[in-house]
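My numbering puts the sequence shown at residues 17 to 1191. Data block below; observations after.
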Amino acid sequence: MYLDFLLKRKFARIVKLRIDQSVLPIANFRTELLSTLSKHQVVIVAGDTGCGKSTQVPQYLYYGESNLNDTPGPNSYQNIAVTQPRRIACISLAARVSTEMLNERGSKVGYQVRFERSRTKATRILFLTEGLLLRQMQRDPFLNDYDVIVLDEVHERHWQTDCLLGLVKCLIVVRPKLRVVLMSATINVNTFAKFFNDCPIIQVPGRLYPIDLHYIPLSPVEIANTTDRIDPAPYIRLLRRIDVTYPATERGDLLIFLSGMADIQAIMEPAKAYAEETKRWIILPLHSALSASDQEKVFHVAPDCVRKCILSTNIAETSLTIDGIRFVADSGKVKELSWDSKARMRCLKEFSISKASANQRKGRAGRTGPGVCYRFYTQEDYDNFEAFSTPEIRRVPLETLVLQMLVMGLPDIKKFPFIDPPEMKCIDEALDILKSHGAIIPQNNVLTVTPLGQLLSDIPVEFSIGRMLIMASLLRLTNPVLSLAAGMAIQCPLLPYTAFSGAEQTRRIDALAEYESDHGDAFTLVNVFDEWIKMKSEATGLIKQDHELDEFDNDNDKGCTNIKRWCRRIGAQQQRLHEMVRLRSQFAQLLKDSGLLDSKSTESDKNLSRTQHFKNLNYARRSERMKSKRRRLLTLQDNLSENSESEKEDHHVESDSSKLRKWLSASSRSSINSSNVPVQDLELVLCYNLSSLAQSANIQQNMTQADLQLLKVVLAGGMYPQLAIGDSANAYRVANRGGTAGAGAEMVFHTKNKGFVTLHPNDVFVRKPDVLFPERNLKKRNNNHPNVSKVQKSQTSLSNKNSKQSRDDDFDDEQTEEENIPEVLPSGFAYDHQLLMYLDLMETTKPFLVNTIRVPALPTLLLYCREVDTNADISRIVFDSWLEVRLLDVEAAQRAVATTIWLRSTTQCLMEYELAECLRRRDQTLTGDSGDGCDNGNTTTKTSTKYCSSKKDENKRKIRRLQRILSHSLAAFLAGQPGGAYSIKRLLAADVKQLFRKQDNNDNNICENQSQFKSMPKTCKKINVDDIPLQEPDHESGITFNLFKGGYQVTDYLNIDSLYPEMISVEGRSSVEDIDEPEYYDPSSSYNLAVRLRKQIASGSLNEASSDDNYKCLNENTSLYEPNKNENEEDCFENDDFLDEGKTTCGTCGKFIKIQGTLQTSMLRHRRNCQPYND
């Protein structure tokens, strides 16, 4: 009887579902759509809000003209791709369509978004984001997996949408059987029809009830109060108006459209206070930063006599449909990203919405019954709105788009059929940036994608993060960089301090202070991530610290509960931390597929011991999807703060980690039902190997300063040229002004293209600004950093011109070394100037540096700058024509430049070998080779196979040897404070005009301008560059004249003696204080210096000679070490097997050394106690 009751209830639901489908406006156009699509390749479905096009059209295409919705009929299609602009829309639509097709437990309908997918071989209707379809076209340009492509919400005009429209227009020419359906609101539909050669349009009326429109503009006082932060008073007044005008028994919820998350936070607290007072409202936020569970609350039902008030961004404008909305409040504002190409800066500013958006928002009130729309602006304001929003392709940088199109094989981007072409200067700018990154090169007047560009296109992140991952693989620092890159690529898991105020803000700052790193925001986030991983592993019993337990301890339940409490205390979102784990694994897999990461390095990510549980994991995923579809009844308790609600759960609900431990100790599938284990925790253990992540977290937390410096070199390699220098008055601002967010809130920085930018209020350097200032007293600086290694101290002594001690003397007598160090350096000079690398430059109320790390100034500039110009003796260096460095020690400066040339050429050589190996693997995969790629697939002998295998092993050994040498050399270079003491400043526009030997003929050189020359001091005299001739370079030397700047072109980035000579005083002293300017030099001296520097390129190249000999040559040429010291030192690098096992040998005492961290730090630790070495 009970089963009969369940069957009848299910049948009643199916009947109701079919009735609801039949009354949708789109149902009357099913036959017309299918018949039109059979005759035309492209059809546009223009439907108003609520017509049902997003859910019904994919089903019509699958079933065709069949009257029975169980088997496909005529004009049906079996492989359908439906794109959506947002991932939340993909997931929700896939769930709804699978329900209507009675396939909730099957996989006929699936979705695929960035972090998750439910697609199987049986999937026939796939909902995916536009970006994923673009990446599929890189692998399969013809999209042979699909019969129909449905592009939904094309009126939103994202840059991916415009790119897909152009690609689809080309695709239908080569695939006549392919069908394309464009679905859009009734907004500018004729533009799309004209683009596809006047394709047919099917107009579907919306199912809208009458909507009353009320204009309630803000008063002048309220407008004045919204200059800095939105005034919540008008919105609270609207809640009162609804309470007074409409009885509580009449159902109907309120949807308020606001510009951004800051406005939502500003209104939420007063609205919750009013709801607590009246007991008639439940206040819910809706924006992209919320977790999935919090977003689902807006779909739940409010109790009787209580209304929902949803504070939403424009995410609810078209992508989501929320039932029960009767009232809509429109602020008339939206925040959109635009791109300032001149300043290389994103601008997130508030704009007035378009008329089309205003009508879309109004339509949300008439979905289920008569509605009311309140507009917080006047009718005149509405009339002045633009008709349509500006397409995103004209508001964003185009580097990613251009690279993806080039990878697809499109030779000329400027001829691509855009529906609204971007400006040509933006395309040229994107091409220039791609060339500077080495992603594309011109060959025979055709732009060709390099192997580096191919790898960057395969990694679905910004260029900066992609280059970080590639650099990390070159230096064998993949594990820590994976976590750093994953944290930078997602929305920050740490809630911003600006979202809170008063005591709550202070409490969160104090709680997070334990994990803050003075190296930058990315390191702070990794500290939090590592701590969270360790707590998860300890709570689940996978890792026991200090002692081993045979069984799980019940006392751990308290620690399990503390994970959630810990996250709330520091403001961490576990949903985002789980995303970091997923993205970290995805990055590792991408590097592995590209050949940049050994399979051994990623074997730990596969938890082979629990393969029998993966069926249970899939079962848990399906159960969670079914659970999420059930709408629950909201209560007034949902108005409570997250802390109060979560603390209540802590006391009354069993912890998730405790459930997970119990499930891991069980083996039956029924344990999932009884314990209700969260799917995310199951994935963390079964898919991503939580124990391996915890071991990596322990290693990363024990990294030394040398390891951190080397790690920052990798990050700088990816983020350059996104560089900022501090203003000269920052010390005064910190000491006397500060700010509410921290002592460094008022600091000002300058980028190459944008001056006077500030740190974001949530930046770690706002609260720790002192680490950005150099210490001029070197003795004091050494005392403040007692952990400075002996190599650092010995390299510091080399920067002193009067110091002639060898490295042995430095290690034996540190007191003698300190006596040779000057107590105070000249004004402006220091050894440890700092620069800020930033991931993004964003302008909201003012320009902010986002996601910053601090890096040593001179080493970073020498290693990554694209234009290095020097004077005759390298006592003055200009980087990228905007940063000038002056050095006290000329010999140290020349050694630093020589070392840099070797390091950069070796890095380039290593990258070429790595990328060539990646291409070989890629070609081997494409051609179907099953061996080592050396045979032809037909007649392969054992001898040739053995020869090719040995050749491949030899290449791998060369690459590993280069990696070790380069890693060791970079660490020594950074520890040695290259160049000695130096000053650094930003050049102004007037300085650049007189910078080089050869000036632009259109510019009046300052020295040649008579009016300015008269104003010069009488003690100075003008220098004529014609009086300082340059020696003609020898053709065999590889050195040429720089025809644009003057001087000698040593490499593609280094120019010697290209700077305009400075004015010399009559007394023979420089106009710059504290610098000993050399006497009038021999014209051949700069040429001889250029020749010596040019030789470093040959020593950095990988040829038939041993790379260890090249490394020895480097040491002798640059005097980083004394020659012939420990000649057997290179023996440490010879045994590859030991190094692969995490061991090496000391060349002095012969003992085995266990590698902990990096090779160079392990060697330095051993040498402190190595008696033969110290003797």
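Cβ coordinates follow ideal geometry from the N, Cα and C atoms, glycine included.
Within the same chain, show all residues whose beta-carbon is closer than 8 Å to that of M596, passing over the 5 residues directly before and after it, in chain order. S499, A502, G503, I506, P509 and F545
When you compare only the Cα positions, how much space is there between Q721 and C583? Cα to Cα, Q721 sits roughly 28 Å from C583.
Going by other Cβ atoms of all chains shown within 10 Å of its Cβ, with 16 needed for buried, is M440 buried or exposed? exposed
Burial state of K210, where buried means 16 or more other Cβ atoms lie within 10 Å: Counting Cβ neighbours within 10 Å, K210 comes out exposed, since fewer than 16 surround it.
I389 in three-state terms, based on DSSP: Reading off the sequence, residue 389 comes out as Cys, not Ile. Strand.
Taking the runs of the beta strand (DSSP E) that are 3 residues or longer, which of them lie wholly in the segment 254 to 308? 269 to 273 and 297 to 302
Local Cβ density within 10 Å of L624, reported as buried at 16 or more and exposed below that: Confidence at L624 is low in this model, with a pLDDT of 41, below 50, so its placement is unreliable and no value can be given for it.
Could you tell me whether the Cβ atoms of G147 and Q176 are closer together than 7 Å? yes
Would P250 and L234 be called neighbours here (beta carbons separated by less than 7 Å)? Yes, these two residues count as a Cβ contact at 7 Å.
Please give me, in chain order, every unbroken run of the alpha helix (DSSP H) with length at least 4 that falls completely inside the segment 434 to 482. 440 to 452 and 467 to 474
Could you give the uninterrupted runs of the alpha helix (DSSP H) lying entirely in the segment 158 to 217, keeping only those of 4 residues or more? 175 to 190 and 205 to 211
Distance, D444 Cα to L1155 Cα: Its pLDDT being 40, under 50, L1155 is placed unreliably by the model, and the measurement read from it follows with that caveat. For L1155 and D444, the distance between alpha carbons rounds to 46 Å.
Proximity winner among V73, R892, T651 and G996, relative to F45 (alpha-carbon distances): Cα-wise, what sits closest to F45 is V73.
Output yes or no for whether 7 Å exceeds the beta carbon distance between M853 and L739. M853 is a Cβ neighbour of L739, given a cutoff of 7 Å.
For A488, which three-state DSSP category applies? A488: helix per DSSP, three-state reduction.
Whose C-beta lies closer than 8 Å to the C-beta of G80 among residues of the same chain, with five residues either side of it excluded? L50, P88, G89, P90, N91, S92 and Y93
Nearest candidate by alpha-carbon position, reference N330, set K358, M277 and Y290: M277
According to DSSP, is G122 helix, strand or coil? coil
Since F612 contacts Y390 with CB under 8 Å, what's their CB separation in whole angstroms? The amino acid occupying residue 612 in the given sequence is Leu; Phe does not appear at that position. Wrong, their Cβ atoms sit about 56 Å apart, outside the cutoff.
Return the Cβ separation of F434 and G182 in integer angstroms, given the expectation that the two are a contact with Cβ distance under 8 Å. 6 Å
Give me the Cα-Cα distance between V170 and L149, rounded to the nearest whole angstrom. 14 Å
Kindly provide the ranges of any alpha helix (DSSP H) runs that are 4 or more residues long and lie completely inside the segment 27 to 69, ordered along the chain. 46 to 55
N887 lies in the alpha helix (DSSP H); which residues open and close that run? Looking at the DSSP string, N887 is not in any alpha helix (DSSP H), and its letter there is neither H nor E.
Can you give me the C-alpha to C-alpha distance between R267 and V322, rounded to a whole angstrom? 8 Å
Which runs of the beta strand (DSSP E) spanning at least 3 residues fall entirely within the segment 979 to 1018, listed in chain order? When DSSP assignments are scanned along the segment 979 to 1018, the uninterrupted stretches of beta strand (DSSP E) that are 3 or more residues long and fall wholly within it turn out to be 998 to 1002.
Along the chain, where does the alpha helix (DSSP H) that runs through E352 open and close? Run containing E352: none in the alpha helix (DSSP H); it sits in the beta strand (DSSP E), K349 to D356.
Counting only the same chain and skipping the five closest in sequence on each side, list residues whose C-beta sits under 6 Å from that of A291. Scanning its chain for C-beta atoms nearer than 6 Å, with the 5 sequence neighbours on each side dropped, one finds around A291 the residues W297, I299 and N655, in chain order.
R377 and F273: beta carbons closer than 7 Å? yes
If you draw a straight line from the C-alpha of F27 to the C-alpha of G126, how long is it? Spanning the two alpha carbons is a distance of roughly 25 Å.
Based on Cα-Cα distance, which residue from A759, M484, G387 and T522 lies nearest to A10? Because the chain here runs from 17 to 1191, residue 10 falls outside it and cannot be looked at.
State the beta-bridge partners of V787 as determined by DSSP. V787 is not bridged to any residue.
Mind the definition here: the segment 473 to 484 touches the segment 705 to 719 only if three or more C-beta pairs lie below 8 Å; say whether that holds. no
Using the C-alpha atoms, what's the distance from N746 back to V764? Those two C-alpha atoms are separated by around 7 Å.
Distance, T651 Cα to K24 Cα: 31 Å
Using a 10 Å radius around the Cβ and a threshold of 16 neighbouring Cβ atoms, would you call L1059 buried or exposed? A residue is called buried once 16 or more other Cβ atoms fall within 10 Å of its Cβ, and L1059, having fewer, is exposed.
8 Å Cβ shell around R1198 - same chain, five flanking residues per side excluded: In the structure displayed, the chain extends from 17 to 1191; residue 1198 sits before or after that span and is not available.
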